[in-house]
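Asks: This structure is in structure tokens; I'll ask about it shortly.
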Amino acid sequence: MDRWNNRIAVVTGASSGIGAACCKYLVNNGMIVIGLARRKERLDALRNELKEDLRKNFNGIKCDISEESEVIKVFADIEQNHGPVAVLVNNAGIVRRTELLRENNTEDIRSILNTNVMGVVYCTREAFRSMKKHNIDGHVFIVNSIAGHKVLTFPGSSMNMYPPSKFAVTAMTEIYRNEFLLFNTKVKITSISPGAVDTEIISEADRKAFGNMPILRSEDVADAMIYCLQTPSHVQIHELTIKPVGEQF
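For what it's worth, this note's numbering labels the leading residue of the sequence shown as 16, then goes sequentially.
Rendered as structure tokens:
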């Protein structure tokens, strides 16, 4: 991790779960971390959870990554006030309890796509602009899902637009790999696809459906991210799938 020491990492969806864990792991490994989320108070609380001497290396900024104008402004502010972006963790993602066939659910469906897909587009574009401008061989992560590779079905419920949004970022991962080469850079791209993770995104109904099935912790995903960051410059982990031992899907 020495080459990332004191470099800038941006983590979206940083207020809880996988995002919060990634922020902690990156700070603990010597990076200066900018956490983006809609809940600023949660970001402030996360900062206070860090070791006192490391708190200066974490900054939380309120940002709705589904809003392009907010993303553009935030990344410009980060570059001006903190420095160029070296690592981006596209973690922010949402689910909605609906069905594709349900009436009057357009807002829910659009929200999933705007956050899970367009948010990745906006943030990756702005982070790459910063990396290329400053000639940084950076690393972009997409926190994907096993639902981005296989549509899972659970009796009595629908995952609606969530798997399509994750299938989209699976395809985007390959597009980014090619475009980073197209723009003559050595920026890496890694998609991390975990199975079920114990975060706020899982509802009580989901937990009942899972029953006694084993489940991952947010820290498991953060640990995988750190592993990928430590690979030699000529090694790119394009896709990393993580499942708890005993997972049934």
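The beta carbon of each residue, even a glycine, is placed where N, CA and C say it ideally should be.
A quick note: this is a predicted structure, and the numbers were derived from the prediction, not measured.
1. First and last residue of the beta strand (DSSP E) that includes G50?
2. Should K201 and D152 be called a contact, given that it needs their Cβ atoms to be closer than 8 Å?
3. Could you have a look at P209 and say whether DSSP puts it in helix, strand or coil?
4. With respect to the beta strand (DSSP E) encompassing F73, which residues constitute its N-terminal and C-terminal limits?
5. Hey, quick one: how far does the beta strand (DSSP E) through I23 stretch, first residue to last?
6. In chain order, which continuous runs of the alpha helix (DSSP H) of length 4 or greater are located wholly inside the segment 61-118?
7. Classify K203 as helix, strand or coil using the three-state DSSP reduction.
8. DSSP state of T168, grouped into three classes?
9. Excluding sequence positions up to five away, which residues of its chain have a Cβ less than 8 Å from the Cβ of L115?
10. Give every residue of the same chain whose Cβ lies closer than 7 Å to the Cβ of A162, excluding the five residues on either side of it in the sequence, and list them in chain order.
11. By the DSSP assignment, the beta strand (DSSP E) with T256 in it spans what residues?
Replies: Reading from the atomic positions:
1. 47-52
2. Yes; because the gap between Cβ atoms is below 8 Å, this pair is in contact.
3. strand
4. 73-77
5. 23-27
6. 83-96
7. strand
8. coil
9. I124, S173, N175, M176
10. M174, Y177, P178, K181
11. 254-257
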